[in-house]
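Everything below concerns the one structure shown next.
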Ligand SMILES: Cc1ncc(COP(=O)(O)O)c(C=O)c1O
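Residue numbers (the numbering used here): 95 to 586.
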């Protein structure tokens, strides 16, 4: 369906679209970009040798090992010029679409201006401006910002500040929650799978079931919990909380003197049809964490936003002023990318757009759910959507389904994800170790692109209705090889 790129590949490199290749060649005095283009055929071999062989294996097994060479807007293009509609955007990293030209221009302008950077005795106005831009879009009182490079670092900062501000040791988070993989945030993650082998983790961290107020109250009652950290919509399975949960959790936190931390690293900046998902429940948290989309799809940046009082308690003395800093935290490119992102979202009405296209997609998915028994549930807000699968009723299909479950939890969604990619040029991802497929299209996605996605999904679901469809065979083969692969000796 997304047959060919509307761009001509460069004749020399065959890797970069022609106008970009020309510009890259003019600027690339050290030959970095051109060497990368020339060595594109080695991409996976290099990655397997020097980076991450098991992840390369996974991509190969799923057929995702394409040689993607360029990306624009909602599309990623491979070396043959085939276009792939990206409905995953690196978990929302490219929320403004790939290679957003307006963000790129701002970044060029900042580099061109030869501003001061990396001098620790200096503050750039860009950092203050971005902090101002974020706080203006958050509930009143959240007016102190710490900039970090990754979401995990922002979570880690909140863990530290909450302990320092309250003098309490414990931190509570939710089962099935996700907050990053460095040691601090990992200690809050709600799936054991991520933690295996990495212990001992940070002491004092404890999980409660998402949506269960009684368990939360039981955990807070001793009044020694510094913070309750929660995603407003859990990203792993696109799980929404019960209607009253977050407001009541906030009340419990207030009652027991626990700080209330909302992790908006995935849900923030327009994703759910609001600037921040906390607006859906009129929350007034003590911390909001932002990341991913703030990068404009270019430069790592994340932020911990809290109250001035908490900030003061944690690091507000002359002696403590430098104990929580980060080399790249306020660098000019990150700050400029963040500022460009806020301005583009505002200028182009992307929050409202996300709400509108999100409704179109949700309605389309609900229609597919009515027509195909394999879809168990459709959920989400704005452009953060998920649909959960269940096995079809036929006996043979259920046997295949059980085999897939035995091979690997979370393998079943590949029945949809693989053919969407292979046959229709659509990128989606299984949400995690569950039966959910998560959709995070760019906020700039058009109505036409949303409709094409629904058509492609319709075609794939039609094929999956019977166990005889070719897709079942592909995923069954993966299941069998995964089960035999378990006995392979570990790489050293
Ligand atoms: C809700 C949430 N918090 C934190 C993180 C960690 O962010 P990063 O990968 O930038 O460290 C993620 C990443 O997926 C996330 O979804």
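Ideal Cβ placement from N, Cα and C applies to all residues, glycine included.
Bridge partners - residue i, DSSP secondary structure assignment
i, result
"residue 480", "473 and 532"
"residue 398", "240 and 383"
"residue 180", "521"
"residue 355", "323 and 381"
"residue 192", "167"
"residue 172", "162"
"residue 328", "333"
"residue 485", "Residue 485 is not bridged to any residue."
Residue i beta carbon near ligand 1 (any heavy atom closer than 7 Å)
i, result
"residue 491", "no"
"residue 311", "no"
"residue 359", "yes"
"residue 385", "yes"
"residue 183", "no"
"residue 260", "no"
"residue 245", "yes"
"residue 273", "yes"
"residue 249", "yes"
"residue 329", "yes"
"residue 325", "yes"
"residue 396", "yes"
Residue environment, residue i, which counts as buried when at least 16 other CB atoms sit within 10 Å
i, result
"residue 528", "buried"
"residue 340", "buried"
"residue 577", "exposed"
"residue 290", "exposed"
"residue 161", "exposed"
"residue 412", "exposed"
"residue 287", "exposed"
"residue 250", "buried"
"residue 192", "buried"
"residue 469", "buried"
"residue 416", "exposed"
"residue 439", "buried"
"residue 395", "buried"
"residue 202", "exposed"
"residue 224", "buried"
"residue 451", "buried"
"residue 539", "buried"
"residue 500", "exposed"
"residue 330", "buried"
Boundaries of the alpha helix (DSSP H) in which residue i is found, first to last residue
i, result
"residue 300", "No alpha helix (DSSP H) holds residue 300; the beta strand (DSSP E) holding it covers 299-302."
"residue 350", "339-350"
"residue 164", "Not the alpha helix (DSSP H): residue 164 falls in the beta strand (DSSP E), residues 162-166."
"residue 538", "Careful: residue 538 lies outside any alpha helix (DSSP H) and carries neither H nor E."
"residue 427", "426-441"
"residue 144", "137-144"
"residue 116", "112-121"
"residue 254", "245-260"
"residue 129", "126-132"
"residue 147", "147-156"
"residue 309", "307-314"
Delimiting residues of the beta strand (DSSP E) encompassing residue i
i, result
"residue 267", "264-268"
"residue 460", "Here residue 460 belongs to no beta strand (DSSP E); instead the alpha helix (DSSP H) covers 444-465."
"residue 225", "From DSSP, residue 225 is part of no beta strand (DSSP E) but of the alpha helix (DSSP H) over 219-230."
"residue 320", "319-324"
"residue 285", "Taken as a continuous stretch (DSSP letters only), residue 285 belongs to no beta strand (DSSP E), as it is neither H nor E."
Any non-hydrogen atom of ligand 2 closer than 7 Å to residue i Cβ
i, result
"residue 432", "This structure simply doesn't include ligand 2; it includes ligand 1 instead."
Minimum Cβ-Cβ distance from residue i to chain D less than 8 Å
i, result
"residue 324", "Chain labels in this structure do not include chain D; a single protein chain is all it has."
Checklist entry - If we count Cβ pairs, one from each stretch, closer than 8 Å, do we get three or more for the region 503-514 versus the region 524-540? => result Yes: at least three Cβ pairs fall under 8 Å.
Quiz prompt | Contact the region 232-248 vs the region 381-392: 3+ CB pairs below 8 Å | solution = Short answer: they touch.
Just checking, does the region 544-555 make contact with the region 444-461 on the three C-beta pairs under 8 Å criterion? Contact between the region 544-555 and the region 444-461 is present: three or more C-beta pairs spanning the two stretches fall below 8 Å.
If you pair each beta-carbon of the region 244-264 with each one of the region 342-354, do three or more pairs fall below 8 Å?
-> Contact holds: three or more Cβ-Cβ distances are below 8 Å.
TODO: Determine, using beta-carbon pairs with one atom in the region 399-411 and one in the region 205-224, whether at least three such pairs fall under 8 Å.
DONE: Taking 8 Å as the limit for Cβ pairs, the verdict is that the region 205-224 does not touch the region 399-411.
### Message
Quick check: the region 424-440 against the region 387-406, are at least 3 beta-carbon pairs closer than 8 Å?
### Response
Yes, since at least three Cβ pairs between the region 387-406 and the region 424-440 fall closer than 8 Å, the two stretches touch.
Report yes or no: do the region 516-525 and the region 419-428 share at least 3 C-beta pairs separated by less than 8 Å? Between the region 516-525 and the region 419-428 there are fewer than three C-beta pairs closer than 8 Å, too few to call the two in contact.
Problem - contact_flag[the region 297-307, the region 262-273] where n(CB pairs < 8 Å) is 3 or more - result: Contact holds between the region 297-307 and the region 262-273, because three or more Cβ pairs, one in each stretch, are under 8 Å apart.
- Is it true that the region 476-486 meets the region 563-571, where meeting means three or more beta-carbon pairs spaced less than 8 Å apart? Counting Cβ pairs under 8 Å, fewer than three are found: no touch.
Should the region 270-283 be regarded as contacting the region 314-325, the criterion being three or more beta carbon pairs within less than 8 Å? Contact between the region 270-283 and the region 314-325 is present, because at least three Cβ pairs lie under 8 Å.
ask   = Taking one C-beta from the region 358-376 and one from the region 180-190 each time, how about it: are there three or more such pairs within less than 8 Å?
value = A contact exists between the region 358-376 and the region 180-190.
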